[in-house]
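Here the sequence shown is numbered in the working numbering, starting from 44 and rising by one per residue.
The beta carbon of each residue, even a glycine, is placed where N, CA and C say it ideally should be.
Being a predicted model, the structure only gives us computed values, none of them experimental.
Worksheet: the structure to be examined is printed underneath.
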Amino acid sequence: MDSILIVDDNQAICSALSLMLEIHGYKTLVCHTPEDAIKLVAEQDISLVIQDMNFSRDTTSGEEGKRLFYTLREQQAQLPIILMTAWTQLETAVELVKAGAADYMGKPWDDAKLLTSINNLLSIYHLSKQNQQLSRVDSERMQAISQANLCGIVFGSGAMQRSIDLALQVAKSDVSVMITGPNGAGKDKLADIIQANSLLHDKPFIKVNIGALPVDLLEAELFGAEAGAFTGATKVRIGRFEAADGGTLFLDEIGNLPLSGQIKLLRVLQTGEFERLGSHQTRKVNVRVISATNADLAQDISNGSFREDLFYRLNVIELTLAPLNQRVDDILPLAQHFVGQGYRFDKQAQQAMLAHAWSGNVRELENVCKRAVLLAQSDLIGVADLGLERFESRPEQHLEQTAQPAQASQLDIAQSVNSTSAVSNNISEPTNVSPELDRSANYEPSKSDIEAALIEHNGVIARVAKSLGLSRQALYRRMEKHALSSKK
44 MDSILIVDDN QAICSALSLM LEIHGYKTLV CHTPEDAIKL VAEQDISLVI QDMNFSRDTT
104 SGEEGKRLFY TLREQQAQLP IILMTAWTQL ETAVELVKAG AADYMGKPWD DAKLLTSINN
164 LLSIYHLSKQ NQQLSRVDSE RMQAISQANL CGIVFGSGAM QRSIDLALQV AKSDVSVMIT
224 GPNGAGKDKL ADIIQANSLL HDKPFIKVNI GALPVDLLEA ELFGAEAGAF TGATKVRIGR
284 FEAADGGTLF LDEIGNLPLS GQIKLLRVLQ TGEFERLGSH QTRKVNVRVI SATNADLAQD
344 ISNGSFREDL FYRLNVIELT LAPLNQRVDD ILPLAQHFVG QGYRFDKQAQ QAMLAHAWSG
404 NVRELENVCK RAVLLAQSDL IGVADLGLER FESRPEQHLE QTAQPAQASQ LDIAQSVNST
464 SAVSNNISEP TNVSPELDRS ANYEPSKSDI EAALIEHNGV IARVAKSLGL SRQALYRRME
524 KHALSSKK
């Protein structure tokens with residue numbers, strides 16, 4: 044409830060104002076001298092002041108009210124103050140309003156007008172306080188970020204900033220952190236930031252991509268193996284946990300860990316103990332674990348492919364990275380970073396990048412930028428240098444379409460040339476849209492269309508792409524989406 048301070052030497056006026064304001068839901072405080080008003084504002088949480096301009100008998104100059112007003116302004120610059128007097132002087136009113144007085148009213152006052160003024164001023168006052176708090180929090184956050192080691196990360200979106208804020212917040216602790224998000228979104232970069240700003244920043248930081256390790260060697264890689272433990276093991280192998288002892292172990296693609304490995308990992312997380320493959324000697328390590336996955340572990344738990352108890356051990360704190368197409372403000376800063384200061388993008392290229400779906404996230408953007416640098420004829424990168432399909436833009440992104448039809452045709456040809464040069468084989472057929480096909484710009488082949496084309500053209504990708512009016516890259520993406528393979 045807002046507290047309103049009434050400052051007037053007339054007890055009847057104070058009582059009348061208090062009654063009216065309390066009826067309308069305000070809490071009121073009353074005093075009769077400037078000295079008491081100054082003390083109350085310093086000690087109490089006051090939201091608004093209604094003050095008289097004259098406090099001594101037979102005084103009408105308003106000097107006492109002016110002094111009180113300026114003193115209150117020095118105490119709280121944003122505090123709304125309504126000045127009231129029976130001796131309205133235009134010059135004084137203009138001076139004080141310019142100095143920050145919220146309103147200036149004569150006595151007797153109009154109840155409706157006064158209440159409207161109070162409501163408006165309190166709304167503005169609270170919004171101002173909220174803005175100050177947000178500004179202060181934002182300033183503190185930016186100061187913390189400026190002092191942190193961000194490992195060269197480039198970002199411009201609020202979503203990425205919030206992820207970095209949380210990463211910096213949890214970095215100082217030793218709890219397990221799980222980073223979730225799609226492939227190529229930057230999960231490993233976030234892990235780097237956590238390690239670089241942790242108390243273990245100068246300790247070992249071992250990275251393991253679980254998905255890249257052979258299943259039959261995975262346990263040996265993580266926990267080590269004695270000589271002769273398996274065929275080809277001619278010497279002792281130090282596992283990643285031993286190598287990371289006293290530091291941090293980053294387990295990427297943790298969802299690919301088989302159940303046998305999950306049991307051993309759970310034991311290490313709980314007790315710090317494990318045995319090398321082929322050994323009965325129990326070893327003990329102290330390792331902080333950061334894990335990452337693009338999988339839906341909740342679904343994996345429900346179908347029995349991932350242990351629920353291990354999930355809760357790994358997921359003490361979860362950091363979620365949004366896909367790049369949900370962090371639009373990151374796209375252009377990242378693109379400029381990838382091409383370097385020697386290149387820039389024209390307006391159409393910028394629009395194309397902002398509209399593209401970026402199914403491969405930051406990794407795809409980096410590859411597109413590297414290709415654009417190689418293809419660009421000058422330091423100005425155009426939309427044709429990017430090789431992005433227009434029909435794969437995000438439908439919710441309403442961007443100005445500046446390319447003319449003739450330009451669009453040139454883009455299609457450039458995309459086909461880029462795609463052909465990117466995948467070298469013995470087939471030299473062009474991959475642009477076949478002239479006999481009458482495809483609309485929004486044509487999207489279904490799974491059955493692609494399957495039929497694969498059968499018809501014996502799995503020859505160039506011919507299948509041509510028949511469907513797609514580039515090879517676009518066809519490969521759709522085949523991956525529908526879990527299709529070529530049949531030769």
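In the structure shown, what three-state DSSP assignment does H75 receive? In this structure, H75 counts as coil in the three-state DSSP scheme.
Which ranges would you report for the beta strand (DSSP E) in the stretch 201-243 if only whole runs of at least 3 residues count? Listed in chain order, they are 220-223.
Which term fits G224, buried or exposed, when burial requires 16 or more other beta carbons within 10 angstroms of its beta carbon? The C-beta of G224 has 16 or more other C-beta atoms within 10 Å across all chains shown, which makes the residue buried.
Using a 10 Å radius around the Cβ and a threshold of 16 neighbouring Cβ atoms, would you call P438 buried or exposed? Because P438 carries a pLDDT of 44, less than 50, the predicted location of this residue cannot be relied on, and no value is offered for it.
Would you check if there are 3 or more beta carbon pairs closer than 8 Å linking the stretch 218-238 to the stretch 362-370? Counting Cβ pairs under 8 Å, three or more are found: they touch.
Excluding sequence positions up to five away, which residues of its chain have a Cβ less than 6 Å from the Cβ of Q447? Interpretation of Q447 is limited by its pLDDT of 37, a score under 50 that renders its predicted location unreliable; no figure is taken from the coordinates.
To the nearest angstrom, report how far apart D79 and K156 are at their CA atoms. Roughly 27 Å separates the two Cα atoms.
With 16 other Cβ atoms within 10 Å as the buried cut-off, status of E264: With 16 or more other Cβ atoms within 10 Å, it is buried.
Which value, in whole angstroms, describes the spacing of the CA atoms of I167 and D154? Distance between the alpha carbons of I167 and D154: 20 Å.
Return the CA-CA distance between S99 and K82, expressed in angstroms with no decimal places. Distance between the alpha carbons of S99 and K82: 19 Å.
Where does Q94 fall in DSSP's three states? Residue state, collapsed to three classes: strand.
Could you tell me how far apart the beta carbons of I253 and L294 are, in whole angstroms, since I believe they sit closer than 8 Å? Indeed they touch by this definition, with Cβ atoms about 6 Å apart.
Quick check: the Cα distance between V137 and F112, rounded to an integer number of angstroms? Put simply, the backbone Cα of V137 is about 14 Å away from that of F112.
Can you tell me whether H500 is buried or exposed? The criterion is at least 16 other CB atoms within 10 Å of its CB, across all chains shown. Counting other Cβ atoms within 10 Å of its Cβ, H500 reaches 16 or more and is therefore classed as buried.
Mind checking M44: buried by the 16 CB within 10 Å criterion, or exposed? It is exposed - the Cβ of M44 has fewer than 16 other Cβ atoms within 10 Å.
Taking only the alpha-carbon atoms, compute the straight-line gap between N468 and I504 and give it to the nearest angstrom. Model confidence at N468 stands at a pLDDT of 38, short of 50, so the residue's coordinates are unreliable; what they give is reported in the following sentence. Linking N468 to I504 through their CA atoms gives a straight-line distance of about 11 Å.
Kindly indicate the opening and closing residues of the alpha helix (DSSP H) around S510. Its alpha helix (DSSP H) spans residues 504-511.
Tell me which same chain residues have a C-beta within less than 6 Å of the C-beta of V411, skipping the five on either side of it? L429.
Work out the CA separation of L312 and N299 for me, nearest whole Å. N299 and L312: Cα-Cα distance of roughly 18 Å.
Top-ranked residue by Cα proximity to A16, from Y386, L431, L377, G383: No information on residue 16 is available, as it lies outside the stretch 44 to 531 that the chain covers here.
What's the C-alpha gap between Q119 and A335? One C-alpha to the other measures close to 49 Å.
With DSSP collapsed to three states, give me the class of K390. In the structure shown, K390 sits in a helix (DSSP, three-state: H, G or I).
Within the continuous beta strand (DSSP E) that includes S46, where are the two ends? Annotation for S46: the continuous beta strand (DSSP E) segment containing it runs 46-50.
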